[in-house]
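Protein chains: 2
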Amino acid sequence: MKINIPKTIQLSQGAGGRMMEILIEKVIAKPLKMTKFEDAGIIQKSKIIKNNLAITTDGCSVRPMFYPGGDIGSLSVYATINDLAMMGAKPLAMTFGLFAQEGLDLKILKKVVKKMGKACEIGHCPIITGDTKVLERDKMEGILINTAGVGVIQSLTSDYGAKPGDKIIVSGTMGDHGLSLIAYRFNFKTSLKSDGAPLWDIVEKMLKIGGVHSLKDPTRGGFVPNANEIARKSNVCFYVYENKIPIKKEARALAEILGIDPLQTACEGKFIMACDSKKADKLLTSIKKSKYGKEATIIGEVREFPKKRVILETLIGGKKILEAPIGEQYPRIC
Amino acid sequence: MKINIPKTIQLSQGAGGRMMEILIEKVIAKPLKMTKFEDAGIIQKSKIIKNNLAITTDGCSVRPMFYPGGDIGSLSVYATINDLAMMGAKPLAMTFGLFAQEGLDLKILKKVVKKMGKACEIGHCPIITGDTKVLERDKMEGILINTAGVGVIQSLTSDYGAKPGDKIIVSGTMGDHGLSLIAYRFNFKTSLKSDGAPLWDIVEKMLKIGGVHSLKDPTRGGFVPNANEIARKSNVCFYVYENKIPIKKEARALAEILGIDPLQTACEGKFIMACDSKKADKLLTSIKKSKYGKEATIIGEVREFPKKRVILETLIGGKKILEAPIGEQYPRIC
Chain Z
1 MKINIPKTIQ LSQGAGGRMM EILIEKVIAK PLKMTKFEDA GIIQKSKIIK
51 NNLAITTDGC SVRPMFYPGG DIGSLSVYAT INDLAMMGAK PLAMTFGLFA
101 QEGLDLKILK KVVKKMGKAC EIGHCPIITG DTKVLERDKM EGILINTAGV
151 GVIQSLTSDY GAKPGDKIIV SGTMGDHGLS LIAYRFNFKT SLKSDGAPLW
201 DIVEKMLKIG GVHSLKDPTR GGFVPNANEI ARKSNVCFYV YENKIPIKKE
251 ARALAEILGI DPLQTACEGK FIMACDSKKA DKLLTSIKKS KYGKEATIIG
301 EVREFPKKRV ILETLIGGKK ILEAPIGEQY PRIC
Chain Y
1001 MKINIPKTIQ LSQGAGGRMM EILIEKVIAK PLKMTKFEDA GIIQKSKIIK
1051 NNLAITTDGC SVRPMFYPGG DIGSLSVYAT INDLAMMGAK PLAMTFGLFA
1101 QEGLDLKILK KVVKKMGKAC EIGHCPIITG DTKVLERDKM EGILINTAGV
1151 GVIQSLTSDY GAKPGDKIIV SGTMGDHGLS LIAYRFNFKT SLKSDGAPLW
1201 DIVEKMLKIG GVHSLKDPTR GGFVPNANEI ARKSNVCFYV YENKIPIKKE
1251 ARALAEILGI DPLQTACEGK FIMACDSKKA DKLLTSIKKS KYGKEATIIG
1301 EVREFPKKRV ILETLIGGKK ILEAPIGEQY PRIC
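Protein chains in written order, with this note's numbering: chain Z, 1 to 334; chain Y, 1001 to 1334.
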C-alpha cells in the first residue's frame, strides 16, 4: 500500500507504525545519509577506534510521568540500555538531555532524577554527562528527556540476522507496559505494572551461549510492528503460535474490554529473539533464570515463506497475517 | 554568595549562569553520582574498551528556528561536535533525538534535517541513528532537538588544565551568535550573523602542535561565565585585556544600544584556550589559517592570583572583576 507523507506532522508519525517508518526513511534518514535503521547505530573499528561501538538515543515524553512500575526517568535510562543490548553491545555510559518547563515543581524534577540514578545502578550503566534547557511555559509542558548511550559490541545481533529454521523467543509477557499505563489513566483497578527493566545482563549471558541472531525490544507499537521489522529486514517469515505467546490474564481481559490488541501494545523490558534452534533450549533456560525473564517462551519459528510476513497460527489452527499498523493505536501512551 | 534553589524551575536555571550550575550540581549530578562537569563525559580505556572516549549531549531549543548565519539544525550538530572538540576528542558519530509538535509544517522539518545533514558534512561527523517523538499541540511548540556524540580522545584538554603562565587565546570575535539573533528578533538591520561552526578541524591541528591545556566554547552565557568556569576549575586567575578582546564594531554598537554585554552573549563557533606560552604564537598562526579562526587573538594570560577569578584590565588601565552572572541575560535567545 502506498502511504503518502502528510503536509503537517501527525501524532501517528511518532507511534511506531509504518507512518513513522516512512517519515524517518524519507524525511530524516535521506538528508542525513543514514542507510540502516536499527535500535542503535554502529561505529566500525578502524585505525582511530579499536572496538566496534554502538550508539543510540531515545526521547522520552511519557505521560503521566509516574505510573505503576515505572516513571519517565527510569524509562529513559532503560530505553537506551536496551537499545544497546539489542545490538549485542555492552552499555558503557550514557548522556542525559533534559528539557524542563519553567514553573515546574522542583520536587518533580528531583524525583525524576533520583529514579534515573537508581535505574543507572540497576542497569549497571552510569550517566556521565548531561545538558539542561529550561523552556517558557507556553513552549512546552512538564519534562522531556533524551538519553543517549554508547556501548561496545560484543557480538552483533542485528534486525537483519534472523534465518529460516531459527526459533523465536519472547522474554516474557507482551503488552504489560502499555496496558498498565492505560489502566492507570482510566482509573481501572488492576495489578498490572509497567515491565520497564534493563536487559543487558540477560543478553550478556546469552551471547556467551551463542546462537543469538536477532534481538529487538518491542517498545513503541509492541510485538506486531517490531516482529514485522525483523521479518522484513531479514527477508523471512515469522511464524508464531497464538497459544504460546505469553500475555497476562489481566492484560488480556483489559485489552478485550478496551478493544486493544495486547500484541500491539508497548513493552519496556522485554525482547523478541530469533536464535539458532539448536541453542534455543539453553538460551531459554538462561533467560528464565533472570528476574526479568521468568515467563520467557518459545513462541514460534522463522520460516522462509511468506517472506517479510508475521503469521499467527490461531488457537483453532487458522492462520492470520499480523500486519504492521499504519499509524497509531489508541489510546496514546507516549 | 549563597544562592538558594527556588521551589519551581526558573528560566534562569537554563541560562548558563550560577543558577544553572547549582541546579545541575545539587539536583541533577548528585543523584546520578556525577562528580566532574565538563563539555563532555569521559570513558576511560579499560579491558572492555581500548580507547579513551568522550561522550556529550546538547539540547537545542533556539527560536526563531532559522536566523542569519544559522538554524536550529546546524546549531545542534555543531554544539555536539564542539563539545567533543573542547575535550580534545575527535568526533566519531552522533545521534539525533527529535521532539516535533503535531501539526508542524512538514517543510520546516525537512529544512531543519537538510541543514543538519549539511552541517554533518561540514563538520566531518555523521549522524548514524536517531529517535523521533511527536507530541500533542498543547504539549510543546515547534521542534526540539537533542544531539549526542561520541569521540576518541586524542589528547585530553580539560577545564581543569589551565596553568599560571599560560597564554589565553580566543579564536575570534565574541558575542556574534547571541547579538545577531537579538538583532534579527528586533528587526534591526545589521550585517551580524551567527558564528555557528564546527571546531574539531582547528583543534586537531592544534593538538599536533601541542601545548593546549584548556579549551572551552563560550556558548550559553558567552565569554564571562565560561572563562570563570575554567578559572575556577583550574584554580587560577584569567587576566585579560579589554583592548585585545576581539568584538565586531557592529556587535559592540548594538550591545551598547541594548545595554547588553557582548562578553556575556553566546558564541557558537569560537573557543577560549589556555595554552603553553611557548607554543602560543605557533598555535595562533595555525588557528588563523582556518576559515573559522581568522580573528583569533591572544587576549591575556593565566596568573596564579587572585585564584578562581577573571580580571579584565580596562582600556584606561583599571581592573575589573568579571563575575559569572547569577541568572540570565535578557533578552533570552535559547
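Note that the Cβ used here is the ideal one computed from N, Cα and C, for glycine as well.
Under three-state DSSP, which class holds residue i?
i, result
"Z/Tyr160", "coil"
"Y/Cys1120", "helix"
"Y/Tyr1184", "helix"
"Z/Gly41", "strand"
"Z/Thr285", "helix"
"Y/Ile1321", "strand"
"Z/Met174", "coil"
"Z/Gly130", "strand"
"Z/Ala280", "helix"
"Z/Thr80", "helix"
"Z/Leu75", "helix"
"Y/Leu1263", "helix"
"Z/Leu192", "coil"
"Y/Leu1135", "strand"
"Z/Lys26", "helix"
"Z/Ala85", "helix"
"Y/Glu1268", "coil"
"Z/Leu179", "helix"
"Z/Lys294", "coil"
"Z/Lys47", "coil"
"Z/Lys111", "helix"
Since I believe residue j is in contact with residue i (beta carbons under 8 Å), could you give me their beta-carbon distance rounded to a whole number of angstroms?
i, j, result
"Y/Ile1169", "Y/Ile1298", "5 Å"
"Y/Leu1192", "Y/Lys1115", "Their Cβ separation, rounded to whole angstroms, is 19 Å, which puts Y/Leu1192 and Y/Lys1115 out of contact at 8 Å."
"Y/Gly1211", "Y/Lys1279", "3 Å"
"Z/Pro91", "Z/Gly161", "20 Å between Cβ atoms; not a contact."
"Z/Ser290", "Z/Gly165", "Not a contact, Cβ separation roughly 26 Å."
"Y/Gly1172", "Y/Asp1138", "Rounded, the Cβ-Cβ distance is 42 Å, inconsistent with contact."
"Y/Leu1098", "Y/Ile1143", "7 Å"
"Y/Ile1202", "Y/Ile1287", "6 Å"
"Z/Ile209", "Z/Leu284", "Going by Cβ atoms, the distance from Z/Ile209 to Z/Leu284 rounds to 10 Å, so no, they are not a contact pair."
"Z/Lys33", "Y/Gly1017", "So it is not a contact: roughly 38 Å between Cβ atoms."
"Z/Ser180", "Z/Pro68", "6 Å"
By the DSSP assignment, the alpha helix (DSSP H) with residue i in it spans what residues?
i, result
"Y/Asn1228", "1223-1234"
"Y/Leu1215", "Careful: Y/Leu1215 lies outside any alpha helix (DSSP H), inside the beta strand (DSSP E) at 1212-1216."
"Z/Gly97", "That residue, Z/Gly97, is in no alpha helix (DSSP H); its beta strand (DSSP E) goes 89-101."
"Y/Leu1032", "No alpha helix (DSSP H) contains Y/Leu1032, which DSSP labels as neither H nor E."
"Y/Met1206", "1200-1209"
What are the boundary residues of the beta strand (DSSP E) that includes residue i?
i, result
"Y/Asn1146", "1143-1153"
"Z/Thr301", "Residue 301 of chain Z is actually Glu in this sequence, not Thr. Here the beta strand (DSSP E) through Z/Glu301 covers 297-303."
"Y/Val1240", "1237-1241"
"Z/Leu254", "That residue, Z/Leu254, is in no beta strand (DSSP E); its alpha helix (DSSP H) goes 249-258."
"Z/Leu53", "53-60"
Check whether the Cβ of residue i lies closer than 7 Å to any heavy atom of the ligand NAD, and answer yes or no.
i, result
"Y/Val1152", "As presented, the structure is devoid of all ligands, the ligand NAD included, so that no description of it is given."
What does DSSP give as the partner residue(s) for residue i in the beta ladder?
i, result
"Z/Arg309", "Z/Cys237"
"Y/Tyr1067", "Y/Gly1070"
"Y/Met1140", "Z/Met140"
"Y/Ala1015", "Y/Ala1015 is not bridged to any residue."
"Z/Met273", "Z/Ile169, Z/Leu215"
"Z/Thr8", "Y/Asp1105"
Between residue i and the rest of its own chain, which residues show a CB-CB distance below 7 Å, the 5 nearest in sequence each way excluded?
i, result
"Z/Phe188", "Leu254"
"Y/Gly963", "One cannot answer for residue 963 of chain Y here, as it falls past the ends of chain Y, which runs 1001 to 1334."
"Y/Tyr1078", "Ala1119, Gly1123, Gly1196, Ala1197, Pro1198, Glu1268, Gly1269"
"Y/Arg1309", "Ala1231, Cys1237, Ile1321"
"Z/Tyr241", "Ile299, Gly300, Glu313"
"Y/Ile1072", "Cys1060, Val1062, Met1065, Val1112, Ile1143, Ile1145"
For residue i, which residues from the same chain have a beta carbon less than 8 Å from its beta carbon, with the 5 sequence-adjacent residues on both sides left out?
i, result
"Z/Thr95", "Ile127, Ile128, Thr129, Gly130, Asp131, Thr147, Ala148, Gly149"
"Z/Phe305", "Cys237"
"Y/Ile1005", "Ile1022, Leu1023, Lys1026, Val1027"
"Y/Lys1244", "Thr1297, Ile1298, Ile1299, Gly1300"
Using a Cβ-Cβ cutoff of less than 6 Å, which residues in the same chain neighbour residue i once the five nearest sequence positions on both sides are dropped?
i, result
"Z/Pro246", "Thr173, Glu295, Thr297"
"Y/Lys1133", "Phe1099"
"Y/Glu1136", "Glu1102"
"Z/Ile81", "Pro91, Gly123, Cys125, Pro198, Trp200"
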